[in-house]
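S.K.: Using the numbering used here, the letters of the sequence shown correspond one by one to residues 44 to 278. All C-beta atoms, glycine included, are put in the ideal place defined by N, C-alpha and C. Please find one structure pasted underneath; my questions will follow.
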Amino acid sequence: MTGESVTRRSFLLGSAGLATTVLAGCTTPQQPRMVIHADPVVDTSIYAAMYGPKDDEPYPLPAIPYQKIDPRFYRQMVPNPTGERAGVIVVDTASHFLYLTYEDGQAMRYGVGLGRAGFEWAGRGVIQYKRAWPRWTPPDEMIARQPELEPYSSRNGGMEPGLKNPLGARAMYIFKDKEDTLYRIHGSPEWWTIGKSVSSGCVRMINQDVVDLFSRVQNGTPIVVLGNAAVAAAY
44 MTGESVTRRS
54 FLLGSAGLAT
64 TVLAGCTTPQ
74 QPRMVIHADP
84 VVDTSIYAAM
94 YGPKDDEPYP
104 LPAIPYQKID
114 PRFYRQMVPN
124 PTGERAGVIV
134 VDTASHFLYL
144 TYEDGQAMRY
154 GVGLGRAGFE
164 WAGRGVIQYK
174 RAWPRWTPPD
184 EMIARQPELE
194 PYSSRNGGME
204 PGLKNPLGAR
214 AMYIFKDKED
224 TLYRIHGSPE
234 WWTIGKSVSS
244 GCVRMINQDV
254 VDLFSRVQNG
264 TPIVVLGNAA
274 VAAAY
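Following this line, the structure appears as structure tokens:
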């Protein structure tokens, strides 16, 4: 294995901090232009480690059967197609990709799943704060539709963290102009929803991937969400 391969393997598997200073606050709304690049050839031998069990978590994560997921949704470094500067998260809802941009025209790309809430907000904001193994409190509107969720309401303290919690191992909370958008990037035990649109949730990631993203970003990280009204209307 060459030195370059070792570096790439370490970067994909490990926790890499951003080389640039992340800017807090919002910028002028503008939709970045997405430029399509061919997917790079990735060393498939790293996937067993990338999506293997994580026993060092408070709630150990089981291995993901990554062979059952379309390989284009695996975590991988790609040419940056977003037009954004380094240190920005871009969620491309049309393609079910999330990008974290880096220097030298590169971006870490993750596959995501989207629920109805994942299409309800688009624009520019910031990761106001992030939580490891968060509690889940469904909004009152959801509880009105599904009264069986009342035990997990904010009045009752929400659902405790764990492998069955809909927010998974990590959650990142998006604000715009200091207001909560109610839009989240979060983990999910339902790995089979990656690359698909499902009935609930915002931007959901494989738990191993959301743990990786969580380690790479800080509070105040800028985020751009590209809306897709046509897909949202299809629900």
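#1: If distances are taken between C-alpha atoms only, which option among P182, V131 and T125 comes closest to C245?
#2: Taking only beta-carbon atoms, is I217 less than 8 Å away from chain C?
#3: E222 lies in the beta strand (DSSP E); which residues open and close that run?
#4: Compute the distance between the beta-carbons of N262 and A212, then report whether it is under 8 Å.
#5: Let me know the secondary structure DSSP gives A175 once reduced to three states.
#6: Measuring alpha carbon to alpha carbon, tell me which of S88, Y102, M151 and A187 ends up nearest E205.
#7: Assuming T136 contacts L269 under a Cβ cut-off of 8 Å, what Cβ separation, rounded to an integer in Å, is found between them?
#8: Determine whether the beta carbon atoms of G156 and S231 lie at a separation below 8 Å.
#9: In whole angstroms, what is the alpha-carbon distance linking P216 and K239?
#10: With a threshold of 16 other CB atoms inside 10 Å of the CB of Q119, please say whether the residue is buried or exposed.
#11: What does the Cβ neighbour count give for G200, buried or exposed, with the cut at 16 atoms within 10 Å?
#12: Could you please give me the residues that DSSP links to R303 through a beta bridge?
#13: Here's the rule I'm using: 16 or more other beta-carbon atoms within 10 Å means buried, otherwise exposed. How should Y172 be labelled?
#14: Ends of the alpha helix (DSSP H) at L104?
#15: Which word fits L256, buried or exposed, when buried means at least 16 other C-beta atoms lie within 10 angstroms of its C-beta?
#16: Hey, G154 and Y117: beta-carbon distance below 8 Å or not?
#17: Given a cut-off of 8 Å, decide if I228 and I112 are closer than it, judged by their beta-carbon atoms.
M.R.: Working from what's here:
#1: Within the sequence shown, numbered from 1, the residue matching residue 245 stands at position 202. Comparing Cα-Cα distances from C245 to each of P182, V131 and T125, the minimum goes to P182.
#2: The chain inventory of the structure shown lacks chain C, comprising one protein chain alone.
#3: Start at 1 with the first residue of the sequence shown, and residue 222 comes out as number 179. First-last of the beta strand (DSSP E) with E222: E222 to S231.
#4: One-based indexing of the sequence shown puts residue 262 at position 219. One-based indexing of the sequence shown puts residue 212 at position 169. Contact: no.
#5: Locating residue 175 in the sequence shown gives position 132, where the first residue counts as 1. In the structure shown, A175 sits in a strand (DSSP, three-state: E or B).
#6: For this step, residue 205 is matched to residue 162 along the sequence shown. For the record, residue 205 in the displayed sequence is Gly; it is not Glu. That would be Y102, whose Cα lies nearest to the Cα of G205.
#7: Mapped onto the sequence shown, residue 136 falls at position 93. Mapped onto the sequence shown, residue 269 falls at position 226. T136 to L269, Cβ: 6 Å. Contact.
#8: Against the sequence shown, residue 156 aligns to sequence position 113. Against the sequence shown, residue 231 aligns to sequence position 188. Their beta carbons are under 8 Å apart, which means G156 touches S231 by this criterion.
#9: In the sequence shown, residue 216 corresponds to position 173, counting from 1. In the sequence shown, residue 239 corresponds to position 196, counting from 1. This sequence places Tyr at residue 216; Pro is not what is there. C-alpha separation (whole angstroms): 22 Å.
#10: Here residue 119 is taken as the residue at index 76 of the sequence shown, counted from 1. Its Cβ being crowded by 16 or more others within 10 Å, Q119 is buried.
#11: On the sequence shown, residue 200 is found 157 positions in, with the first residue counted as 1. Result: exposed.
#12: The requested residue 303 is not part of the displayed model; the chain covers only 44 to 278.
#13: By one-based count along the sequence shown, residue 172 stands at place 129. Result: exposed.
#14: To locate residue 104, count along the sequence shown from 1; it is residue 61. Unbroken run through L104: none, as it is neither H nor E.
#15: For the purposes of this step, residue 256 is taken as the residue at position 213 of the sequence shown. By the neighbour-count rule (16 or more Cβ atoms within 10 Å), L256 is buried.
#16: Stepping through the sequence shown from its first residue, residue 154 is reached at position 111. Stepping through the sequence shown from its first residue, residue 117 is reached at position 74. Cβ atoms of G154 and Y117: closer than 8 Å.
#17: Mapped onto the sequence shown, residue 112 falls at position 69. Mapped onto the sequence shown, residue 228 falls at position 185. For I112 and I228, no; Cβs fall outside 8 Å.
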